[in-house]
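Just so we're aligned, residue 1 is where the sequence shown starts under full-length UniProt numbering, counting upward by one.
Data block below; observations after.
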Amino acid sequence: NRRTYNDSPTGIQYHSDHGFVDGGLSHKISTEFMADATNEQQKTLRSFPQRSRNCYTLPSATGKKFLVRALFTYGDYDGLNSTMSGSLFRFGLHIGVNFWEAVNLTNSDPSNTIWKEVLTVAPGNNLSVCLINFGTGTPFVSSLELRPLQDVMYPFVNSSVSISYFIRIRFGNMTTNLITRYPMDDYDRFWESSSSSYATYPFLSRTTSNEVRRLPGNDAFQLLPIFHFAEVVDNNPNRSFNIYSGDEMLFPDFSPSRSQVDSMHQNGRFLHNPAASFLLNKTNNSVLPPLINAFELYSLVRMDNLTTDSNDVSYIKEVKKHYNLAQINWNGDPCSPREYSWEGLICSYPKSNQ
Numbered sequence: 001n002r003r004t005y006n007d008s009p010t011g012i013q014y015h016s017d018h019g020f021v022d023g024g025l026s027h028k029i030s031t032e033f034m035a036d037a038t039n040e041q042q043k044t045l046r047s048f049p050q051r052s053r054n055c056y057t058l059p060s061a062t063g064k065k066f067l068v069r070a071l072f073t074y075g076d077y078d079g080l081n082s083t084m085s086g087s088l089f090r091f092g093l094h095i096g097v098n099f100w101e102a103v104n105l106t107n108s109d110p111s112n113t114i115w116k117e118v119l120t121v122a123p124g125n126n127l128s129v130c131l132i133n134f135g136t137g138t139p140f141v142s143s144l145e146l147r148p149l150q151d152v153m154y155p156f157v158n159s160s161v162s163i164s165y166f167i168r169i170r171f172g173n174m175t176t177n178l179i180t181r182y183p184m185d186d187y188d189r190f191w192e193s194s195s196s197s198y199a200t201y202p203f204l205s206r207t208t209s210n211e212v213r214r215l216p217g218n219d220a221f222q223l224l225p226i227f228h229f230a231e232v233v234d235n236n237p238n239r240s241f242n243i244y245s246g247d248e249m250l251f252p253d254f255s256p257s258r259s260q261v262d263s264m265h266q267n268g269r270f271l272h273n274p275a276a277s278f279l280l281n282k283t284n285n286s287v288l289p290p291l292i293n294a295f296e297l298y299s300l301v302r303m304d305n306l307t308t309d310s311n312d313v314s315y316i317k318e319v320k321k322h323y324n325l326a327q328i329n330w331n332g333d334p335c336s337p338r339e340y341s342w343e344g345l346i347c348s349y350p351k352s353n354q
């Protein structure tokens with residue numbers, strides 16, 4: 001979309017991606033799916049049939065934390081019915097020069113919108129988000145959102161550790177909206193309702209059962225759960241419970257505070273168990289059962305790859321601009337990751353960055 005507009009549900013201003021990315025083709029989704037689009041962001045997209053890596057450069061602030069969200073609505077924009085063809089439709093995302101997550105649209109309804117989020121620290125005045133072509137479908141993106149976070153939030157996120165969104169749930173008798181976001185959340189985080197059809201989460205239990213259910217995902221996940229609690233009983237409540245991940249006790253004999261929110265996490269300790277489940281188990285001395293107000297679950301994104309020296313990057317970009325060079329893969333970081341280094345450049349790498 002080449003115009004600037006205010007999103008009607010949130011009032012947030014959206015801009016054209018012109019000037020933030022080189023290359024790609026702009027499209028509208030099929031007229032068949034236009035009526036199902038609930039906002040303007042779902043109606044248009046940019047696809048990247050060329051290059052193995054295509055990067056957006058977003059303005060940021062060095063050392064500041066951001067929530068980066070990418071949204072994808074295929075909408076059969078190319079008339080190929082690619083999500084329902086039976087073939088694998090999958091491409092990748094990088095945050096900077098590090099792998100963030102794969103986008104898998106195989107057997108997905110063309111009208112569906114999926115999103116990916118990463119919480120990260122900006123390494124400089126720009127933050128890059130790259131789409132990676134795996135050879136299993138043309139990468140595309142419908143919208144990119146950059147939301148600033150306070151420095152004190154998510155204290156385990158730093159220059160070497162980012163976290164990728166897995167789920168974020170709100171519990172209780174909320175509105176019928178499936179997603180709660182800005183202005184109810186100042187940082188425009190998406191919160192799914194525990195009563196929605198999307199929020200049947202067998203890996204989170206408030207019962208006293210010892211049953212452990214498998215968390216959907218792959219075996220490479222390293223997980224970080226965050227539990228949010230606020231006591232709702234005013235008159236000297238007797239409520240205490242243990243919080244488990246599988247058979248491991250994360251927080252023993254926990255009692256929610258009155259008149260404030262307790263956010264419980266293990267300060268950056270990631271769980272290596274891909275079959276993790278979470279259990280809130282009433283203690284023997286507790287009168288009241290466990291409660292929970294909200295829950296977040298993230299996976300680890302390692303920021304291990306080294307970026308090219310910033311002075312070198314500035315010089316290379318000046319050369320590119322001066323000579324009007326438009327090499328097909330001169331996109332993103334010039335030398336990192338190594339497999340996407342710019343054609344025609346000779347990069348030297350330290351032995352530790354294999």
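Built from N, CA and C at the ideal position, the CB exists for glycine as well.
- Taken through DSSP and simplified to helix, strand or coil, Arg-239 comes out as strand.
- In its chain, beyond the 5 residues on either side, Ala-122, Pro-123, Gly-124 and Asn-125 have a beta carbon closer than 8 Å to the beta carbon of Thr-62.
- Taking C-beta atoms as the reference points, Asn-293 and Gly-172 count as a pair closer than 8 Å.
- In this chain, the alpha helix (DSSP H) harbouring Phe-33 covers 31-34.
- Counting only unbroken stretches of 3 or more residues, the beta strand (DSSP E) elements lying wholly within the UniProt domain "Malectin-like" (218-299) are 223-229, 241-245, 248-254, 262-264 and 278-282, in sequence order.
- Ser-257 counts as exposed, since fewer than 16 other beta carbons sit within 10 angstroms of its beta carbon.
- Straight across, the Cα-Cα distance linking Lys-321 with Asn-311 is about 15 Å.
- For Asp-304, the closest of Asn-98, Pro-49, Phe-254 and Arg-269 by C-alpha to C-alpha distance is Asn-98.
- In this structure Ile-346 is exposed. Its beta-carbon is surrounded by fewer than 16 other beta-carbon atoms within 10 angstroms.
- For His-322, the enclosing alpha helix (DSSP H) stretches over residues 310-322.
- Beta-bridge pairing by DSSP links Trp-115 to Leu-71.
- Between Arg-90 and Phe-48, the C-beta spacing is not below 8 Å.
- Excluding residues up to 5 positions away in sequence, Lys-64 and Lys-65 lie with their Cβ nearer than 8 Å to the Cβ of Asp-151 in the same chain.
- Unbroken beta strand (DSSP E) stretches of 3 residues or longer found wholly inside the region 89-114: 90-95 and 98-104, given in chain order.
- With contacts defined by Cβ atoms closer than 8 Å, Ile-163 and Leu-224 form a contacting pair.
- According to the DSSP assignment, Ser-142 belongs to no beta strand (DSSP E), since it is labelled neither H nor E.
- Assignment of Gln-50 by DSSP, reduced to helix, strand and coil, places it in the coil class.
- When rounded, the separation of the alpha-carbon atoms in Trp-330 and Thr-307 is 15 Å.
- Non-local beta-carbon contacts of Pro-139 in its own chain, meaning distances under 6 Å to residues more than five positions away in sequence, involve Phe-48, Phe-91, Leu-131 and Asn-133 in chain order.
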